[in-house]
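What follows is a single structure, written as structure tokens, with notes after it.
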Amino acid sequence: MEPDVPIAPPVVAVVVVHRPDTWFADTLDALADQDYPNLDTLFLVTGDPDVESDGLRAMILDRLPSAYVRELGTNPGFGPAANEVVRLVEGESGFFCFCHDDVALEPDAVRLLVEEMYRSNAGIVGPKLVSWDDAGLLQHVGLGLDRFGEVDPITEPGEYDQEQHDAVRDVFALPSACLLVRADLFRELGGFDPAVDFHGEDIDLCWRAHLNGARVVVAPAAVARHRERLELRRPDVDHRVLRARHRMRSVATLTAGARLPLRALEIVLLTVAELAVGLFSGRFAEAWASLRAVVGLLPRAPSLLARRRAVRRLRQVPEAEVQDLQNRGSARLTSYRRARDTETYVDDGAQVRRWRERSLGSPMAWIVVILAILAASRTFIDTRVPAVGELLPLPDSPRQLLGDYASSWSPGGLGVTSPNPTGWAVLSLVSVAWLFRMGLGLTVLVVGSILLGAAGAWRLAGVYPSTRARVTALVVYAAMPLVPGVISTGRSSALVAYASAPWFVHLVRSAAGVGTADPAAADIDLVDGVLPLTARERIRRISVAGLAVAVSVAFAPAVLAMFVGVAVVLALTTVVAWAGWRTAAWMLIAGIAACGIGWVLNLPWSATLSWDDVVGPTLAGAPGRGLADVASMSIGEAELEVLALALYVPVIVALTLARAWRLTWAIRAAGLVLGFGALAVLQDRDALPVRLPEVGVLLAPVAVGLAIAAASTVAAFGSDVRGRGFGWRQPLGLIGCAAVAIGVFPCLLSVVDGAWFTPRTTMTSLLDAQLPSVDEVGDHRVMFVGDPRLVPVPSTDLGDGVSMAVVGAGPLMFDQRWSPPSGDADDVLAATVEQIAASTTQRGGSLLAPFGIRYVVVPLIDGAVSTAAEPVPPPDGLLEAFGDQLDLVLAFAPPNYTVFENRSAIPTVALLTGEAAEANRSTSVSQRVGADLSAAAPVFDGLDARSAAAGDVDVGTVHLAVPFDDRWQFDVGGDEVPSRAGFGVLTAYDVEAAGEATLDYRSSTSRTAWLAVQVALWLLVAVAASRIAVPTRLRSTRIDDETLIDLDADAPAAIDTTTGVPAAQSAGHVGLPPPISPTTRHDEPSWVDELLADDVPASADEQERT
Amino acid sequence: MIVRRIPALALSVTAIGGLVMAGRETATPTAAVFATPAATWMPSVPAPGGLTDTWYCPGVPASGDDGVGGEVIVANRDDRVLEARVTVFAEAEDQVTEELTVEGRTRAVVDLDELVTAPFVSAMVEIRGGGGVVEQRSVHPDGESVAACAGATSSTWYLADGSTVEGNVEEIVLTNPYESTAIVDVRLATADVTRQPTELQGFPVPARSVRTVDLSEVARDEEVLGVDVVASSGRIIVARAQHDVGGGRRGHSVALGSPALRDQWWFANGAKGVDVDERYSLYNPTDDDVEVVPVFLGIAPSAAAALTAQPPITVPANEVVTLATGELDALPDGPYSLVFGTQGPPSIVVERALTRTIDDRATTSILLGAPPRADGYVASTWHVGIGPQEPTTDALVVFNVDNTAATVEVRSVGPDGSEPVEGLEALSLPAAGRLSIDLTNRAAVGRELIVRSSSRIFVERALRREDGSQGRGASWAVPAE
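Going down the list, the protein sequences come from chains A and B.
Numbering that gives the first Met the number 0 applies: residue 0 is where the first sequence begins, and numbers increase by one.
Numbering that gives the first Met the number 0 applies: residue 0 is where the second sequence begins, and numbers increase by one.
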């Protein structure tokens, strides 16, 4: 009896097998269980036949007795191996179902695919691929592709199958893991690209199918489980490189010729951008592979052109139609955006991915915070940041600043051969951010620091999977009274501390493996979402923290001490919170290691820093702000800061209400608040045995703690209080939330002020206007003496709350805020000032003169720390002692400062004769005091260590007011004049014959070496901080298909290109099964043949063949 | 209840409590100290170790007239050679500078009126490496006077006893040794009124110059005239040149003012007698009345008790009160010592004008009282840079501040160094008593003298005037710091 239904069209399941494992049994079982009535199976076994045991064949035949097993001998890759089917299977009226050996089809999969093939009149059909281990986890439902060959996976990693992708639809490509192809189409297309061994053969095939006018459809009703662990099975293959190379090959060979030039340009630009972004996003390796692939196209141009010629005959549809099928824009960007919809959380030692809480709160909060900060800084943006405290104008030339950094001459103070601050280099390099408009730079730095700090708080608050909590942390940190306090008094170190403190905590917790805990884990009181990190990843994260510390320390060494303290507090509080000693230890190790890296990266400059340089000069005693002022961070000009005391309420509330990891972070926050708060209070009372950085720096971790505590309170209120029965928790939670609202209120006043309460007229700007310039009085120096809080540059401690600093002539600049190294000459200068203090002479000017000091400035009211309303009194006896000097003239005495002019001053570079020359040779101060130095004529005006100075000099003594340094070379008439110590500690040259002279500074070669070492260290840490993979081991042995995966090879070497058969086989191989002929296997014409004849338009070649 | 929150809560609450307890009282800010300003005191010999010692002399007339002039004497008690620079200031701003070398154990004299001719000149002596004592002698036909030079400038100066009555001329000599102009305000006070002459407000004293102000032009016929000079800008030296021709006084003297008010003023060599007219002028430039108690010393206990029983002297604010000792019945004739004291803050300045009539000719000497240093220090060693030029009795009067008996030694600095003057090696000084020393030994003549005591003392110098004038000029020796 004839069947009443057409015979099912023949399907040949082609399985490429390569050293399978135990799971292969599932694959075989799945094929054996297929309910499709006309299914043959062909197993193409790759690898060394001597190695592949007979057990594999037996295993296959045991489950599928009718299966054909073909041993290829080598491993040419999936595509080339699968192409064997063209030779081994004859006829065109059937289908090839290509499968990986790690795919397990559902019993109805082949049938459903064939049905959908006919229903959709498709050329290629693929199933829904799900996880091998968890069938509820989606793997692929087809693939999207953009015009650059980038794959859009459509599904997200870890996406659960909720039937959201169960509609049949056209896709651009299907994974080769399992796809059903019309046999004739496969032959028409020439099979898989034989040059593509792994990765991309499916894309290329489907793309050619589209060019040929065939549909590619996913049939989600058909399901297959897929292990998809090629990278683990083939560790000898550089998958990243192959992916990029084959992607580029497909784009280069399948893009229409008219569009190719533009596409090539786009790809080059995209690759460059990818490199830049990859450096910071951890995808540098992919970007590097892309670059290699782009460059690698050039030597492959002949084979690519041949391939394009081969493909040209396939083009049946306009290119525009194919392009319409591709993703608009960038698939990578689309994928990234889609990834933002989910987030990875840490459960009890494992990662889980869950849908992100979608809320407008985050963008709205950021918009409000940014607008508020910009509004509060509007005066800075309109005009400039006033020169208050350490916030001095940036140097005019970043290139010159970079040159100064590279020089071994440190021009600060009296000048000395010493390493210069790394911050100069950093500042110079980041000037590109403001397009070298240095006037704008300071504004960017100040406003950017606030935003950076807020961003750090936001990132740190990422430990909370709650948008509300993160917004709270962001707003509270941005609204800290510390910000106006720091800016209004020009505390740049404290500003750096504010910007970096939350980042440090964030990076340390990240390096310790503490991530965002899974919200669902709160029920089990998960103390921390700790994820085990690989050593490589931990080193990377510590390196990132180290880089952050290095940059911070480059600008403000004081933060290093603060960071160490933060690491210790985090570790201790982690122990107190019972969050595990391992986590605590890692936090301590990561923090200390980051600090160590930060210090090392600033070598050799950091080695020159003393503790005094780090913490600054001491005050006479307690500043006497009081507990309330310190606690409310009222360290500058701000208003209603007392309301900020309300922010301390959440510290206790969070400890009381929070559970799970929220409690852990509440404890850490309390530790930061109370630990550093105690230090700040004790320092304010001058009750500490050691000197610490100024209070602004100490309060930065307090601010971080308050922000985290507020976030914990809000998070706890949302998760641990709401929904519970009414009790004491609800009112307490409300009080905590209300306290947060009250605490951030004072920031509104900063917004109203528009300039962070900075003074409109500052002492520094007045000084710049009043002190004569170099052009007027020649090269000279200015000495500041007074209360260290008012001296606008780092100063030397003279004791009893008095400090001094020496600066060059001209406006004060930002690069002068770094402590200059001190030496013997500085000690002598300090001793001179002490002589004046002791009233042992009334000719102090003559003692200051050799140092080139023409003006002595006593700062009184800087408008920030000291105001007209609340002036800081000048040190007792200071004005009197200097006023008592007969050769110091009271030049200016406005309210802001008192300036004495030194009438005995001589230029910093001068030719001395007569009594002045004799005084220069004297070694005793008592011999020099009161000496008549009027016979000093300026020479080499505008001397600069950057370049040689030339001029005529007469007989006499050339005095150079820098510490004795034989790196200064002085030539007269071409002959070098030996240097000697002048005035005891300075540099002098005795000129015995007049002539043309040059004075030049020879930079140290060791400085150059150090620069190279420092750059190398930064690069090393940067590489460690990036995700760039550095090959650490070579392949132990060569494998058979070594030449096939040779990245530079034109075609698989092991393939006989004339037959498409592996070379080993072309020579003949025993045990070959007879070719399968789908068309002859069954005598009767099948209904599929009929359908094919009716519905599928034959190609021109087919018609011709017919 | 999650157990692990308990230790955290306990620690936090404890820490907060501790912080509140520790910070409940705001720490008092400590003032920064650059220098402890040298307490304004009477001219004194600085301690050794200075890089330079600068002496500011009050000024001498140098008009070029016969018999008018002045000199600066630099006494070197050390073995080493002193190198000094003498700068002579006059009204013109182009001062004269002269390098000076003083051999060891000698004295050098700089004749100022030979260097510069001007109504008044003053000298500034800078000694490199310190050491030495600098004093000046002012010479005038109506009398010469010796005064020590000041070791420091000041922005305030006070003078209590001046007179413009019956042709007396009181001039204040303002010396500005600095490179910038000083601006001063001069205020005058009499027994019943205070004046601030407009022309003397904001009065400029140009840099490195001397200005003189004749007070008789702005305050005529004043029996007693107190003066205070306040520099609103700069620091100066203020002296008074008093030329008395009437009012029962006669003489010419130049002396430093007081740079500060005090609560104690000592006089070692007071006198009451038939031919003596002694007047103490007490000036209170403050805005509060002051009660001053004079304590007479070195007199009979009964007389002292009677004087002590008298009510204190009230010195009204901004006024000058005089005390004529001749009117004190309880005070016996003869020499005595006297100290004026107040209970309040330093608020007065006291000067003594002592007129002796010898052979119907009055001779007046004016002496500013000697105060202890602000920290209470009173020296036990005093230097006499200018001693008698010929043997003189009662040349020095020593008063023992301490209430214990002491021993006094007078040494002279000669070619062989500092040696005790024969007969003056160990003089007994009664407790809280006075001692008059005769300098009749030739070894004590024409040399620098050093008076040392085992107790704290004040040493007043009574030098006989040169020929042409009579009587003695009163001045203090120079205490050692």
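A virtual CB, placed ideally from N, CA and C, is assigned to each residue, including glycine.
DSSP-derived helix/strand/coil call for residue i
i: residue 143 (chain A); result: strand
i: residue 424 (chain B); result: coil
i: residue 1038 (chain A); result: Because the pLDDT at residue 1038 (chain A) is just 35, under 50, the model does not fix this residue reliably, and the value given afterwards should be weighed accordingly. Three-state DSSP puts residue 1038 (chain A) in coil, outside helix and strand.
i: residue 919 (chain A); result: helix
i: residue 457 (chain A); result: helix
i: residue 675 (chain A); result: helix
i: residue 464 (chain B); result: coil
i: residue 845 (chain A); result: helix
i: residue 383 (chain B); result: strand
i: residue 639 (chain A); result: coil
i: residue 830 (chain A); result: helix
i: residue 33 (chain A); result: coil
i: residue 132 (chain A); result: coil
Own chain, CB closer than 8 angstroms to residue i, minus 5 neighbours either side, in chain order
i: residue 335 (chain B); result: 269, 270, 271, 295, 296, 297, 298, 433
Beta-carbon spacing of residue i, residue j below 7 angstroms
i: residue 40 (chain B); j: residue 148 (chain B); result: no
i: residue 304 (chain B); j: residue 475 (chain B); result: no
i: residue 632 (chain A); j: residue 481 (chain A); result: yes
i: residue 50 (chain B); j: residue 488 (chain A); result: no
i: residue 77 (chain A); j: residue 15 (chain A); result: yes
i: residue 133 (chain B); j: residue 124 (chain B); result: yes
i: residue 316 (chain B); j: residue 359 (chain B); result: no
i: residue 129 (chain A); j: residue 217 (chain A); result: no
i: residue 406 (chain B); j: residue 425 (chain B); result: yes
i: residue 648 (chain A); j: residue 475 (chain A); result: no
i: residue 715 (chain A); j: residue 656 (chain A); result: yes
Span of the alpha helix (DSSP H) around residue i
i: residue 314 (chain A); result: No alpha helix (DSSP H) contains residue 314 (chain A), which DSSP labels as neither H nor E.
i: residue 322 (chain A); result: 318-324
i: residue 941 (chain A); result: No alpha helix (DSSP H) contains residue 941 (chain A), which DSSP labels as neither H nor E.
Rounded Cβ spacing between residue i and residue j (contact assumed at less than 8 angstroms)
i: residue 1021 (chain A); j: residue 538 (chain A); result: The pair is not a contact, with the Cβ atoms about 13 angstroms apart (cut-off 8 angstroms).
i: residue 541 (chain A); j: residue 757 (chain A); result: That pair is no contact at about 38 angstroms.
i: residue 605 (chain A); j: residue 689 (chain A); result: The pair is not a contact, with the Cβ atoms about 20 angstroms apart (cut-off 8 angstroms).
i: residue 215 (chain A); j: residue 176 (chain A); result: Wrong, their Cβ atoms sit about 15 angstroms apart, outside the cutoff.
i: residue 495 (chain A); j: residue 554 (chain A); result: 5 angstroms
Residue span of the beta strand (DSSP E) that contains residue i, given as start and end
i: residue 99 (chain A); result: 94-99
i: residue 785 (chain A); result: 780-785
Own chain, CB closer than 6 angstroms to residue i, minus 5 neighbours either side, in chain order
i: residue 230 (chain B); result: 154, 181, 183
i: residue 190 (chain A); result: 82, 85
i: residue 371 (chain A); result: 750
i: residue 576 (chain A); result: 663, 666
i: residue 381 (chain B); result: 450, 458, 476, 478
Close-in-space but distant-in-sequence residues of the same chain around residue i (CB under 7 angstroms, 5 per side omitted)
i: residue 192 (chain A); result: 78, 200, 203
i: residue 611 (chain A); result: 796
i: residue 387 (chain B); result: 394, 438, 444, 462, 463
Heavy atom of the ligand ATP within 6 angstroms of residue i beta-carbon
i: residue 879 (chain A); result: Absence of the ligand ATP from the depicted structure is noted, as is the absence of any ligand whatsoever, leaving it without description.
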